[in-house]
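Visitor: To convert, note that position 110 of the sequence shown is 123 in the working numbering; the numbers rise steadily by one, no gaps.
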Amino acid sequence: MNLPLHFGWLGVLEAAAIALVVGILCYLLFHWIGARNRWAHGPAIGWSCLAALVIATGIDAWHLFYMGVVKLESPVYARIALAKIHDPNYLGTRVFFSAVSALCGVALAWMAAHARRGSA
14 MNLPLHFGWL GVLEAAAIAL VVGILCYLLF HWIGARNRWA HGPAIGWSCL AALVIATGID
74 AWHLFYMGVV KLESPVYARI ALAKIHDPNY LGTRVFFSAV SALCGVALAW MAAHARRGSA
């Protein structure tokens, strides 16, 4: 997300809250596009999940992937890679919670839209 978050668990919870909002907004956008183009629920949910994951986990997921794939055999290269990461100690936790929260945001928005339409 590349935002100036706090360190530790507070930063993880901030990233998760932002990801939840991103998931809700992505579903609302793709639901609106799907309603205009007469899509079924599946494509709107699928595209909103994909977009929410890319937006919410973005740079943190890339750093996690990069640290797992690239061989950092030199301490200098390891320091350079770690200097680019906001909070390397909680990187995996932040990516996991952001991904789960983004998907939960999409699910909550779908349930709210489905319940509202069902009661009307």
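Where is the CB? At the ideal position from N, CA and C, for every residue including glycine.
Using three-state DSSP, classify Leu33 as helix, strand or coil.
Guide: Note: Leu33 maps to helix in three-state DSSP.
Visitor: State the CB to CB distance for the pair Phe20 and Asp100, rounded to an integer number of angstroms; the pair is presumed to be in contact (CB under 8 Å).
Guide: Indeed, because the Cβ distance is near 5 Å, the residues count as touching under 8 Å.
Visitor: When you compare only the Cα positions, how much space is there between Met14 and Asp73?
Guide: In this predicted model, Met14 has a pLDDT of only 47, less than 50, meaning its place in the structure is not dependable enough to derive any value.
Visitor: Provide the residue span of the alpha helix (DSSP H) that contains Ala75, from first to last.
Guide: The displayed chain sequence assigns Trp, not Ala, to residue 75. Segment 54-82, the alpha helix (DSSP H) holding Trp75.
Visitor: Measuring only the C-alpha atoms, how far is Ile58 from Ala48?
Guide: Each residue's alpha carbon lies about 12 Å from the other.
Visitor: Among Val34, Leu77, Ile31, Ile68, which has the Cα closest to the Cα of Tyr103?
Guide: The option with the nearest alpha carbon to Tyr103 is Leu77.
Visitor: Indicate the three-state DSSP secondary structure (helix, strand or coil) for His99 in the structure shown.
Guide: Coil at His99, not helix or strand.
Visitor: Under a Cβ-count criterion, where at least 16 other Cβ atoms within 10 Å of its own Cβ denotes burial, should Gly55 be classed as buried or exposed?
Guide: So Gly55 counts as exposed.
Visitor: Kindly indicate which residue of Ala96, Val34, Val82 has the alpha-carbon position closest to the one of Thr70.
Guide: Considering only alpha carbons, the answer is Val34.
Visitor: Output yes or no for whether 7 Å exceeds the beta carbon distance between Leu116 and Cys39.
Guide: Cβ atoms of Leu116 and Cys39: not closer than 7 Å.
Visitor: Whose CA, out of Asn50, Val113, Ile93, Gly81, lies closest to the CA of Gly36?
Guide: Nearest option by C-alpha distance: Val113.
Visitor: Does Trp45 have its Cβ less than 7 Å from a Cβ in chain D?
Guide: Absent here is chain D; the protein component of the structure consists of one chain.
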